[in-house]
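> Protein chains in written order, with the working numbering: chain A, 1 to 450; chain B, 1 to 1092. For each residue, glycine too, the CB sits at the ideal point set by N, CA and C.
#1: Does DSSP classify residue 704 (chain B) as helix, strand or coil?
#2: Mind listing the chain B neighbours of residue 70 (chain A)? Cutoff is C-beta to C-beta under 7 Å, in chain order.
#3: With which residues is residue 191 (chain B) paired in a DSSP beta bridge?
#4: Output yes or no for whether 9 Å exceeds the beta carbon distance between residue 800 (chain B) and residue 733 (chain B).
#5: Taking 9 Å as the CB-CB limit, is residue 1066 (chain B) close to chain A?
#6: Using a Cβ-Cβ cut-off of less than 7 Å, give me the residues of the region 694 to 711 of chain B that come near chain A, in sequence order.
#7: Looking only at C-alpha atoms, which of B:438, B:1092 and B:578 sits nearest to residue 1036 (chain B)?
#8: Using a Cβ-based criterion (distance less than 8 Å to any ligand heavy atom), does residue 369 (chain A) qualify as near the ligand FMN?
#9: With 7 Å as the limit, tell me which residues of the region 954 to 965 of chain B have their beta carbon closer than that to any beta carbon of chain A; keep them in chain order.
#10: So residue 646 (chain B) contacts chain A; which residues on that side make the cut at Cβ distance below 8 Å?
#11: Please report how far the alpha carbon of residue 831 (chain B) lies from the alpha carbon of residue 845 (chain B), in whole angstroms.
#12: On the criterion of 16 or more Cβ atoms from any shown chain inside 10 Å, does residue 20 (chain B) qualify as buried, or is it exposed?
#13: Here's the rule I'm using: 16 or more other beta-carbon atoms within 10 Å means buried, otherwise exposed. How should residue 835 (chain B) be labelled?
#14: So, is the C-beta of residue 865 (chain B) closer than 9 Å to a C-beta in chain C?
#15: Please name the residues in the region 598 to 618 of chain B whose beta-carbon is closer than 9 Å to at least one beta-carbon of chain A, in chain order.
#16: Does the distance from the CB of residue 1137 (chain B) to the CB of residue 599 (chain B) come in under 9 Å?
#17: Assign residue 97 (chain B) to one of three DSSP states: helix, strand, or coil.
#18: Can you tell which of B:70, B:657, B:40 and B:482 has its C-alpha closest to the C-alpha of residue 284 (chain B)?
#19: Going by C-alpha to C-alpha distance, which of B:247, B:309, B:256 and B:230 sits closest to residue 276 (chain B)?
#20: Which residues, taken in chain order from the region 967 to 999 of chain B, show a beta carbon closer than 8 Å to some beta carbon of chain A?
#21: Tell me the rounded alpha-carbon separation between residue 572 (chain B) and residue 307 (chain A).
#22: Pair every Cβ in the region 292 to 308 of chain A with every Cβ in the region 367 to 386 of chain A, then say whether three or more of these pairs are closer than 8 Å.
#23: When the cut-off is 9 Å and only beta carbons count, does residue 659 (chain B) lie next to chain A?
#24: Any C-beta of chain A within less than 8 Å: which residues of the region 380 to 411 of chain B qualify?
#25: Listed from N- to C-terminal order along the chain, which residues in the region 237 to 249 of chain B have their beta-carbon within a distance smaller than 8 Å of any beta-carbon of chain A?
#26: Comparing alpha-carbon positions, which option in A:326, A:175 and A:232 lies nearest residue 157 (chain A)?
#27: Beta carbons nearer than 7 Å to chain A: which residues of the region 789 to 813 of chain B have them?
#28: By alpha-carbon positions, which one of B:234, B:693 and B:259 ends up nearest to residue 301 (chain B)?
#29: Please report whether the beta-carbon of residue 765 (chain B) lies at a distance below 9 Å from any beta-carbon of chain A.
#30: For the beta strand (DSSP E) holding residue 435 (chain B), just list the boundary residues, first then last.
#31: In the DSSP output, what is residue 846 (chain B) paired with across the bridge?
#32: At a Cβ cut of 9 Å, what residues of the region 730 to 741 of chain B count as close to chain A, listed as they run along the chain?
#33: Under a Cβ-count criterion, where at least 16 other Cβ atoms within 10 Å of its own Cβ denotes burial, should residue 219 (chain B) be classed as buried or exposed?
#34: Using beta carbons (cut-off 9 Å, strictly below), is residue 760 (chain B) in contact with chain A?
#35: Run the CB neighbour count on residue 646 (chain B), radius 10 Å, all protein chains shown included, and call it buried at 16 or more, exposed below.
#36: Does any C-beta atom of chain A lie closer than 9 Å to the C-beta of residue 486 (chain B)?
In structure tokens form, the structure reads like this:
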């Protein structure tokens, strides 16, 4: 037999080294990065559910499928598969983004093609920042946990070589420095102001605003929020049209959402299936959250009080994913409302209370025309901003972080029972997955408490 | 006597030496027989043919040279070796030979003339397998009169008036006495194999060999034990019948692929399955299906079509298969026709089956489960009355569904087989069709198989033989999902609460259970169908260039197609939210193979002989799959994708691999005492990088027939042979492109194509190497006890290991050649004829026993690999369980306790504080099979006990059945009977089941893996029992059939389980893990086999 008899090429794969060779393949590689966000171990479910379940917005129905039960019960262990999946999914985004960046930066292009490639490389930077930000906040304590943020964060990947790596953990400070530098790089490369289903200049700025809020660089948080708000490309929906925010794709209020179509079939593992009454309706809204909404608050329509068959006769079912078990709801990552809340919080923390109240009241009035005008000060104002943030961003994966980064204790509401977890708390963050500890000799220490 | 119709050395004494230059062939052959102790079989008419000879012909020459000499002086005389020291002789038609008919005719008339006062008895002699036997000696008892059977196994003999007894004998078969009544003129005689003997011919790689000359370890499978079994595949019948072969059923699904491990688990991430070779073709084996969790392409082969099956175990036997021989080889030869009258064989079977489940494991009833839940609330401090009110107001006490009865049923089984075989001297054929149908004892699960087979062999000339084989079969399976899938009816059977009905009052399905996955509804309304098609065709040519020099070539095509369809109805279950779903899959696997062989037998002198085989082989396997998915169905009953409005997904995939090889094997023998076998093979595989693509394999084997030595003469030892072998073979059983750095397509986003990094490249990835050492002793003593003792030690190095890497690489593992693993142990096979009274009681016993110790010698940087509930570490075995140790229940408060660590000195009631540690292995310390066979007159009783000793079984889903109240009123919250019987109820209760607690988190969490669910897997099973009755010859001759047998057969009739806490059947597959699969069942069948 000739040598060619043994030369067989794969038909469903391409060699790593030829993955990015032109603008077209760069786009294909970049799409791969976005697709990694869709996994149910990441934004497809886990990143939305855990921070709400481990706090006071969600709890598991007494008739549940067992998903996230340990989070509900606040007894997560280092073998936990959701933590494992989240870790791996985060790094899949980081590695694929890094490979797209490296491939894209090696192309020699000019003119329109260069601009197109720059936009894509910029998006890859933004995606890498988003994933590193998520990993840092899930697996490391909040930025202000130590005075200089010198407590352990997660490993960061700057470049890709030929051999497998085993990086050590960065400090949280190093992680945030890299997140901010990636986002800055993204801003310098991108040229799309807005985009549907992908990163744009404005959505990168919005993420930067959130990142600065987490690092307590409040002026910068406010500055980037302002840039987005004043870009004029987005507007808040009023109470009458609030429901379209969830019913429609690419609403005027959303800066970045992950697109799910009928072919991205996560099936019964999707977020919609997890929440919908026609699906599992595993997690329900807490009464304490529901009670916060006035009857006239349009956001109250995002929760339906109904009976769940064979379980709670009076269940609060989440209605932010109206397609539900059809599994085709796009998942919102950044909305304009968050930027008002970011800015209000940043103003409040920098003693610009009037500006803070203006943003707060604007949002509250938009959602509920009958809302009373808020005029609080000091700690009470911050509390009220965080409460509005809870009401606005409920079930969207913010609650645990909003509490812990403000050094607040967390009420883990389990429906029947309640666990009060005081700040600081080892268990506000996830364990480094046991598989990672086993495979990576440079990560020696588990997060305390696991 | 020289007057016999045929000549055979049992009947003739050495004739005086011939001095003349022209003699008759028969006298020449007698001379050779006397000189070399060989036997010739030939038709009488040629015995009188004149041949040329000279006195020097035999002086100082070997048998081979003598035969060659005779042939070269008399080209019309052709010898053919049938087995050791046994040749047939033909004289080619030539004018010289044509003169003999006159002579023959006169001989015949003379024979008739001398026996006119007697009657003529004629008949046929066959083996138990139905093969006709030529050359069998038949003597009339008390006389010197007799005859031998002709080439078609037929004879005719004139006997004196009155009853007579025939003494029938043939080498390798038991001597038999047949009583003939005074008027009997027809008789059919069946010869039973003598105890296994070194004279046997075994099928080995690329040919056959006598057992005496074989230096390797190979076991011939007794086909009696495989044929007629009600099992879909021949592999399932290997269990308990062969030393060194572990066959474990992972599922009771008919048509599943059993886990076959020859001498232990040979690899960690590459395949541990043996290579299957059917008629010289390495075939595609295993599961090619997408829907069926276990299907088996070679289950399509009808066991009745198999003539012989050999399991090759050591280097000497398998190294010639090079890169594919590491896990042993199973060689299968299908049946060939015999020249003579066309023979028909028919077999019909019908049977029934039931799920095996002990009463102690039946699901709880409504009052029982309610009692547990009430108690769980009382244990949280609620009053009995309030607790009862709470529970009983939420359940319907009047309903008490027995979900076990709902899900199971009486299974049915039927099998039919008919074959026709025959031929003439030039051409023979074998053909058959078979039908198999089994309704499993679980609703919705069934299996059907239809197969056909044709083998034709044609001798175009004396030198040129053509072989043609064609087999086609189809299998149809209806299967279920396994494990935790909501579609799995077995999960519902144990987990669904008894107060939920199957149907609502209006007769509709109760879909308010199991997340709407009503198991009865799913079976009735959904489709889950797998059709497997297989066609195996081969063409072979053999050309005898010279007497001892031949060329063979063989080309084959092995075509496999899986055509599958899944439909989920729009009303409940998986398809409920999108109007019903349909999915269609096809997967085509085409395997072609070409083999060329040159065989040369070099007879140096009468003591030294070498057999050479030089070969070349090329194989390519390509697979091509298509998938389509649509939803939103319009009309009930119309389930094809054309009826669905939303086309959701479609894809096709292709993959391929190829191997090219060259090999040489040499067998040297010195007299018939010493044997040396050397093999070498060079393989190239497409699966590895170009720089490491080729590798060399080989083996050395030695054999010593001690019983042939002078010092062993006249001892009570009949046969004694020592064998040893060592060698290297390989394993390439990984994915087709594992060595490459890859981006995988299919990561699409927002309607645009996307791909993502999926595999780390490893250009130096190469073969996994396996080095087996084998020492064996074959013996036969006091005529009736024979056996084999073997020690083996196989070391696998350069393991193809999925090395876990940090998730920060974007992937979590890559494949590398790292690590070493060892399997070593003893194998013992014993066969004994305990009682053998002619025409009386016969009793024989076969025993085989295998020990295996698996040990991981080396892993990546000494790192242990923890995979689920297993730990892989250096010094440990491959299937070592790893989990916290369960320490029972605190008698004071009913809390579950776990040991804090491996020292088992301290306990804790906080599961988080319990460290996992090693808990024993899923691999048995030994397993054994014991078969007893009794025969009396026409009755035969045989039964096989299988013993599996010293392994652990983990009940993976036991955590859900032991929810201890944590599941509350969840409709999938039924608990096991053990919980009900043994739970802690009040202080002082000493038990191993904790107290019931409503919303329990202390125990009963599904995350709490521990030895609470780990059991001793030791069991003994009466796996096979058959009672048969052979119809007497008087009846047979009336019915005009040659033999007929009626039998009653039972499978898994009785089981003893050591660990009475085990909540499932102990037979769970090689990994020792239950997975809510179709349970094992007990089967009974009635069958009839007959030939005419």
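Taking the definition as stated:
#1: If DSSP states are grouped into helix, strand and coil, residue 704 (chain B) belongs with the strands.
#2: The answer, in chain order, is 1007.
#3: In the DSSP output, where bridge partners are listed per residue, residue 191 (chain B) has B:127.
#4: Yes; because the gap between Cβ atoms is below 9 Å, this pair is in contact.
#5: Not one chain A Cβ lies under 9 Å of residue 1066 (chain B).
#6: Taking 7 Å as the Cβ-Cβ cut-off against chain A, none of the residues of the region 694 to 711 of chain B qualify.
#7: The option with the nearest alpha carbon to residue 1036 (chain B) is B:1092.
#8: The model on display carries no ligand, and the ligand FMN is accordingly not part of it.
#9: Under the 7 Å Cβ criterion, the region 954 to 965 of chain B contributes no residue.
#10: For residue 646 (chain B), the chain A residues whose Cβ falls inside 8 Å of its Cβ are 262, in order along the chain.
#11: Going from the Cα of residue 831 (chain B) to the Cα of residue 845 (chain B) covers about 6 Å.
#12: Here residue 20 (chain B) scores only 48 on pLDDT, less than 50, and its place in the model should not be relied on; the value that follows carries that caveat. Here residue 20 (chain B) is exposed. Its C-beta has fewer than 16 other C-beta atoms within 10 Å.
#13: Residue 835 (chain B) is classed as exposed because its beta carbon has fewer than 16 other beta carbons within 10 Å across all chains shown.
#14: Absence of chain C from the displayed structure is noted, the protein chains being A and B.
#15: If the cut-off is 9 Å between Cβ atoms, the region 598 to 618 of chain B has 616 and 618 near chain A.
#16: Residue 1137 (chain B) falls outside the range modelled here, since chain B spans only 1 to 1092, and no answer is possible.
#17: Note that residue 97 (chain B) has pLDDT 37, beneath the 50 cutoff, so the model's placement of it is unreliable and the number below is only indicative. In the three-state DSSP reduction, residue 97 (chain B) falls in the helix class (H, G or I).
#18: Ranking the options by Cα distance to residue 284 (chain B), first place goes to B:657.
#19: Selected option, being the one with the closest Cα: B:309.
#20: In summary, the residues of the region 967 to 999 of chain B whose CB is separated from some CB of chain A by less than 8 Å are 968, 969, 970, 971 and 999, in the order they occur in the chain.
#21: Between residue 572 (chain B) and residue 307 (chain A), the alpha-carbon positions lie close to 19 Å from each other.
#22: Segments in contact, yes.
#23: Taking 9 Å as the CB threshold, residue 659 (chain B) lines the interface with chain A.
#24: So the list is empty, because no residue satisfies the distance condition.
#25: Along the region 237 to 249 of chain B, there is no position whose C-beta sits under 8 Å from a C-beta of chain A.
#26: Among A:326, A:175 and A:232, the Cα nearest to that of residue 157 (chain A) is on A:175.
#27: Across the region 789 to 813 of chain B, CB contacts with chain A closer than 7 Å involve 804, 805, 806, 807, 808, 809, 810 and 812, in sequence order along the chain.
#28: If you compare the alpha carbons of B:234, B:693 and B:259 with that of residue 301 (chain B), the shortest gap goes to B:234.
#29: Residue 765 (chain B) does not count as touching chain A.
#30: For residue 435 (chain B), the enclosing beta strand (DSSP E) starts and ends at 427 to 439.
#31: For residue 846 (chain B), which the question treats as bridged, DSSP gives the partners B:831 and B:931.
#32: For the region 730 to 741 of chain B, which is checked against every Cβ of chain A, the residues closer than 9 Å are 736, 737, 740 and 741.
#33: Counting Cβ neighbours within 10 Å, residue 219 (chain B) comes out buried, since at least 16 surround it.
#34: Yes, its Cβ sits closer than 9 Å to a Cβ of chain A.
#35: By the Cβ-count criterion, residue 646 (chain B) is exposed, with fewer than 16 other Cβ atoms from all chains shown falling within 10 Å of its own Cβ.
#36: Answer yes: the Cβ-Cβ gap between residue 486 (chain B) and chain A drops below 9 Å somewhere.
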